[in-house]
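Chemist: Counting in the working numbering, the first sequence runs from 69 upward without gaps.
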Amino acid sequence: MPTTSGPRTTSQRKKKSSKKSPGLDVSVKRRFQTRLLKWYEKHGRDLPWRKTSDPYHILVSEVMLQQTQVERVIPKYHEFLDRYPSFEELADAAVSDVKKTWYPLGYNIRPERLHSIACETMERYGGRLPSDAEELLSFKGIGRYTAGAIRSFAFNEDAPILDTNVIRVLHRVFMAKGDPKTQKAKLWQLSEALIPSGKGYDFNQAIMDFGAICCTARNPSCRQCTMKSFCKTYPFDQK
DNA sequence: CTCCCGGTAC
DNA sequence: GTACCGGGAG
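See the structure below:
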């Protein structure tokens, strides 16, 4: 693969969008990537599951985070891992005990599914969580978001994620029009197209922090937002 | 008190 | 489309 730019570059530059992500301006894409990663360096949260590369720990955090706020997950994440430090210990535990440890996070089907994932990982994968998307999606309890989160956070793959934070950020910055709920396919394409090569981990963590801290559902910080010069929704707030 | 929110399985 | 289960806003 040639690494130097040649005549080909010029003809590619003329196109402002690709088939993969129609309407995505290459310069806006580049600025979004750069500014997001820069913002993350300065404002990124110091969360416990960002200090580990153990896929089991990442899985536990992601299942807890599926429908529960970060602040409530943090203490339970530590407590759960103290009691069940690995897939093996979780698989060997009684489901009733796992559910007790889970309380009061809610959605109590989640500890059952987490336990079954641990059992299946021990039995079918030798205690090692697979990184393949299809295999991850075959587990009850791992959907498209969690599969992407595990692939990017536990295995450093450039896999897209789309949760409510990411939906809100991408819809505001790049789309602005229409109901985000009905444009999931396009948002998944955007989420994938925006990941800078080799930086899936940082980019995905960054966009979730950005949605949680700056591009919030209520009262977003548009005035000081690093994306405001090209955001299709700016200014959203009235403050 | 009454809504409203949210990943996944169904 | 709905249920799941808690927290938070109004």
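Built from N, CA and C at the ideal position, the CB exists for glycine as well.
Drop a sphere of 10 angstroms on the beta-carbon of residue 70, count the other beta-carbons inside from all chains shown, and report buried for 16 or more, exposed for fewer.
Modeler: As a position in the first sequence, residue 70 is number 2, starting the count at 1. Low confidence applies here, because residue 70 scores a pLDDT of 42, under 50, leaving its location unreliable and the question unanswered by this model.
Chemist: Taking Cβ to Cβ, would you say residue 156 is nearer than 8 Å to residue 132?
Modeler: By 1-based counting over the first sequence, the position of residue 156 is 88. By 1-based counting over the first sequence, the position of residue 132 is 64. Not closer than 8 Å, so no.
Chemist: Does the count of Cβ pairs from the segment 248-263 and the segment 277-289 closer than 8 Å reach three?
Modeler: no
Chemist: Let me know the secondary structure DSSP gives residue 248 once reduced to three states.
Modeler: What you label residue 248 is simply residue 180 of the first sequence in a count that begins at 1. Residue 248 falls in the helix class under three-state DSSP.
Chemist: What is the rounded straight-line gap between the Cα of residue 159 and the Cα of residue 201?
Modeler: The residue labelled residue 159 in the question sits at position 91 within the first sequence. The residue labelled residue 201 in the question sits at position 133 within the first sequence. Taking the straight line from one Cα to the other gives about 22 Å.
Chemist: Out of curiosity, what's the CA-to-CA distance linking residue 176 and residue 94?
Modeler: Sequence index remark: in the first sequence, residue 176 carries index 108 (1-based). Sequence index remark: in the first sequence, residue 94 carries index 26 (1-based). Near 44 Å, if we compare the C-alpha coordinates of residue 94 and residue 176.
Chemist: Residue 232 lies in the alpha helix (DSSP H); which residues open and close that run?
Modeler: The sequence position of residue 232 within the first sequence is 164, counting from 1. Start and end: 232-238.
Chemist: Note down, in chain order, each residue of its chain lying with its Cβ closer than 6 Å to the Cβ of residue 109, except the 5 sequence neighbours on either side.
Modeler: The residue given as residue 109 occupies position 41 in the first sequence. So no residue of the chain qualifies.
Chemist: If you reduce the DSSP assignment to three classes, tell me which class residue 253 lands in.
Modeler: Your numbering for residue 253 matches position 185 in the first sequence. If DSSP states are grouped into helix, strand and coil, residue 253 belongs with the helices.
Chemist: Could you tell me the distance, in whole angstroms, from the CA atom of residue 193 to the CA atom of residue 165?
Modeler: Translated into positions along the first sequence, residue 193 becomes position 125. Translated into positions along the first sequence, residue 165 becomes position 97. One C-alpha to the other measures close to 24 Å.
Chemist: Looking only at its own chain, which residues have a Cβ that is under 8 Å from the Cβ of residue 116, when we skip the five neighbours before and after it?
Modeler: As a working note, residue 116 is residue 48 in the first sequence. Hits under 8 Å: 129, 142, 145 and 146.
Chemist: Taking the CB atoms as reference points, tell me whether residue 107 and residue 294 lie closer together than 8 Å.
Modeler: By 1-based counting over the first sequence, the position of residue 107 is 39. By 1-based counting over the first sequence, the position of residue 294 is 226. Closer than 8 Å, so yes.
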